[in-house]
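To start, the structure under review is shown below, and the notes come after it.
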Amino acid sequence: MTPRYNGSVEAGNGSFKTHMLNRAVFHGRENGYATNDDCQAALLDGNFTNRPWGALGHSPLQCWESRAPITAAQRTQFALWAPTAQSAALS
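Note that the numbering used here has the sequence shown beginning at 1, numbered continuously upward.
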């Protein structure tokens, strides 16, 4: 079954590809081949300029930079949970 968020992922990939190919063309690589620098620039552009929460919302970069660090208790809880989840996923 396809996850409900698949359309969002596909839209994001399409936006990234457009940014990346535009960078390649801007730098004279009109054959459709993008370099690693084009990919990195597209990633930075998207994280800085995209507004997935609306025009007045924060960019992904702003949200990432304002996140609260996880607590020691959360880190311990995850460390205890992860091996069980991994075993379940592999079985």
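C-beta atoms are modelled at their ideal positions from N, C-alpha and C, and glycine is treated no differently.
- In terms of Cα proximity to residue 46, the closest of 90, 84, 78 and 15 is 15.
- A direct Cα-to-Cα measurement between residue 63 and residue 52 gives close to 11 Å.
- Distance between residue 27 and residue 42, taken at the CA atoms: about 13 Å.
- Excluding five sequence positions before and after residue 49, the CB atoms of its chain that fall closer than 7 Å to its own CB belong to 59, given in chain order.
- Cβ-Cβ separation between residue 7 and residue 21: approximately 21 Å, too far for a contact (criterion under 8 Å).
- The Cβ-Cβ distance between residue 24 and residue 34 falls below 8 Å.
- Taking residue 38 as the centre and dropping the five residues before and after it, the same chain places the C-beta of 20, 23 and 24 closer than 6 Å to its C-beta, in chain order.
- For residue 87, the uninterrupted alpha helix (DSSP H) run begins and ends at 72-90, by DSSP.
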